[in-house]
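J.: With our numbering as the guide, the letters of the sequence shown map in order to residues 33 to 257.
Where a beta carbon is used, it is the ideal one built from N, C-alpha and C, also for glycine.
Here's a structure for you.
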Amino acid sequence: QFDIRALSTDLARIEAAVVEVYDYVDSLLAQGPDPSSLLGALQAAETEGERLSHVECVNLAVNVLAGAIDTTQSQLSHAVHLFALEPEQWAMLSRSSDLVPAAVTEVLRVEPVTPFTARLCLEDIEYTDVVFPAGTIVAICAERANREAGEGFDIAVDHDGRLLTFGAGPHYCLGANLARAELEEALGFLAPRMPGLRLDGPVGFGGIEGIYGVEALPVRWSSTD
Numbered sequence: 033q034f035d036i037r038a039l040s041t042d043l044a045r046i047e048a049a050v051v052e053v054y055d056y057v058d059s060l061l062a063q064g065p066d067p068s069s070l071l072g073a074l075q076a077a078e079t080e081g082e083r084l085s086h087v088e089c090v091n092l093a094v095n096v097l098a099g100a101i102d103t104t105q106s107q108l109s110h111a112v113h114l115f116a117l118e119p120e121q122w123a124m125l126s127r128s129s130d131l132v133p134a135a136v137t138e139v140l141r142v143e144p145v146t147p148f149t150a151r152l153c154l155e156d157i158e159y160t161d162v163v164f165p166a167g168t169i170v171a172i173c174a175e176r177a178n179r180e181a182g183e184g185f186d187i188a189v190d191h192d193g194r195l196l197t198f199g200a201g202p203h204y205c206l207g208a209n210l211a212r213a214e215l216e217e218a219l220g221f222l223a224p225r226m227p228g229l230r231l232d233g234p235v236g237f238g239g240i241e242g243i244y245g246v247e248a249l250p251v252r253w254s255s256t257d
């Protein structure tokens with residue numbers, strides 16, 4: 033799991049892992065991927081007569097993967113935690129696979145694993161009588177903004193999908209769609225197979241630096257409801 037503190041203590045291993053991932057994606061592209069796959073689509077993409085270079089394809093593919101691995105596995109842990117606290121919601125989800133997309137959105141809204149989003153002010157900005165000078169770095173708490181209306185965790189309520197979990201504007205998470213797809217697959221698989229999901233001990237949460245993960249999540253479930 034990503035830990036920003038590791039950048040100062042384990043940099044050599046991190047850099048070696050990055051090189052390995054780039055080499056792997058580079059080799060996949062060199063083999064000529066399936067045209068229907070993401071890599072194949074990147075290679076074939078064309079806008080106004082221009083196509084992505086090999087290096088651009090590699091960088092895009094790596095960034096999509098990086099944006100939906102640690103974040104997604106941590107988000108799934110938070111999803112299980114939230115549903116273990118809300119057994120009626122879990123039972124509802126297990127009975128209706130149609131609720132899976134809404135369940136993913138609700139998990140992302142209530143307990144995002146990237147609670148803070150930073151932005152750089154390019155010019156002076158005034159908001160509620162507070163002036164942020166140009167050059168100021170502003171950290172926005174997506175978790176608080178997502179809960180502004182005070183709603184509790186409920187997968188049956190439409191919250192209009194207005195989330196800051198993936199950012200906004202030109203700096204929107206590149207791996208958002210992949211993350212949603214992975215979470216939908218996971219929850220759709222787990223819900224009918226883990227009836228009676230509940231906590232079985234204290235939960236251990238990681239720090240909020242970088243990705244807000246779950247370090248310990250003891251749970252239990254029944255063979256039948």
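Could you tell me which uninterrupted beta strand (DSSP E) segments, each at least 3 residues in length, are contained entirely in the stretch 71-159, listed from first to last along the chain?
T.: As far as the stretch 71-159 is concerned, its whole beta strand (DSSP E) runs of at least 3 residues are 148-152 and 157-159.
J.: Could you please give me the residues that DSSP links to tyrosine 204 through a beta bridge?
T.: Taking the sequence shown and counting its residues from 1, one reaches residue 204 at position 172. Gly199, per the DSSP bridge assignment.
J.: Considering just the uninterrupted stretch of the alpha helix (DSSP H) at isoleucine 46, what are its terminal residues?
T.: For the purposes of this step, residue 46 is identified with residue 14 of the sequence shown, where counting begins at 1. Here the alpha helix (DSSP H) through isoleucine 46 covers 43-62.
J.: Taking buried to mean at least 16 other C-beta atoms within 10 Å of its own C-beta, is histidine 110 buried or exposed?
T.: Position 78 of the sequence shown, counted from the first residue, corresponds to residue 110. It is buried - the Cβ of histidine 110 has at least 16 other Cβ atoms within 10 Å.
J.: In angstroms with no decimal places, state the Cα-to-Cα distance between glycine 238 and leucine 249.
T.: The residue given as residue 238 occupies position 206 in the sequence shown. The residue given as residue 249 occupies position 217 in the sequence shown. Going by the C-alpha atoms only, they are around 11 Å apart.
J.: How would you call threonine 168, buried or exposed, if buried means at least 16 neighbouring beta carbons within 10 angstroms?
T.: For this step, residue 168 is matched to residue 136 along the sequence shown. Exposed: under 16 other Cβ atoms inside 10 Å.
J.: Taking just the CA atoms, how far does glycine 242 sit from arginine 45?
T.: If you number the sequence shown from 1, residue 45 lands on position 13. If you number the sequence shown from 1, residue 242 lands on position 210. Each residue's Cα considered, the two are about 18 Å apart.
J.: Could you check whether the stretch 142-162 touches the stretch 82-91, counting it as contact only if at least three pairs of C-beta atoms, one from each stretch, sit closer than 8 Å?
T.: The stretch 142-162, when compared against the stretch 82-91, does not touch it at the 8 Å Cβ threshold.
J.: Identify every residue that forms a DSSP beta bridge with phenylalanine 185.
T.: In the sequence shown, counting from the first residue as 1, residue 185 sits at position 153. In DSSP, phenylalanine 185 forms no bridge with anything.
J.: Below 8 Å, how does it come out for the stretch 92-105 and the stretch 114-131: are there three or more Cβ pairs, yes or no?
T.: As far as the Cβ criterion goes, the stretch 92-105 does not touch the stretch 114-131, which means the pair count is below three.
J.: Using DSSP's beta-bridge definition, name the partner residues of valine 246.
T.: Locating residue 246 in the sequence shown gives position 214, where the first residue counts as 1. Phe237.
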